[in-house]
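Peer 1:
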Amino acid sequence: MTTSESAYGVMAGTVGDDVMTVHELVWVAGAQRPKCGDGAPEDRGEEWFRRVNCPYCLADKQAPAA
Numbered sequence: 055m056t057t058s059e060s061a062y063g064v065m066a067g068t069v070g071d072d073v074m075t076v077h078e079l080v081w082v083a084g085a086q087r088p089k090c091g092d093g094a095p096e097d098r099g100e101e102w103f104r105r106v107n108c109p110y111c112l113a114d115k116q117a118p119a120a
C-alpha cells in the first residue's frame, strides 16, 4: 500500500480549516482536491486515513458554491 492509497482504495482527506469533513481526494493540476469541488483554490488538501464522510463526495455530486 502506498501513502496515497487508503485501506479501502480511496484517497481521503480534509481541505483548508475544516478538519471534520473528510472528502474523497482526486488529483487536479498536480494538487489533491476534493472530488466534490469544495474549498477555495488556495486551500491545501491534507490526506488522512479516515473514511470519507462528505455527502457530496459520497453521492458523486458538486458541493454548492460557498
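Heads up, the sequence shown is in our numbering, so the first residue is 55 and it goes up one at a time. Think of the CB as a built atom: it goes at the ideal place given N, C-alpha and C, for glycine as much as any other residue. From a predicted model like this one, the values you see are computed outputs, not experimental measurements.
#1: Got a sec, what are the start and stop residues for the alpha helix (DSSP H) P109 sits in?
#2: Look at the alpha carbon of E96 and the alpha carbon of W102, and state the distance between them as a whole number of angstroms.
#3: From D92 to V64, what distance separates their C-alpha atoms?
#4: On the CB-based measure, 16 or more other CB atoms within 10 Å of its CB, does P88 come out buried or exposed?
#5: Under the DSSP definition of a beta bridge, which residues are partnered with T68?
#6: Tell me which residues share the same chain as E100 and place their Cβ nearer than 7 angstroms to its Cβ, disregarding the 5 neighbours each side in the sequence.
Peer 2: Put simply:
#1: 109 to 112
#2: 19 angstroms
#3: 17 angstroms
#4: buried
#5: E100
#6: G67, T68, listed in sequence order.
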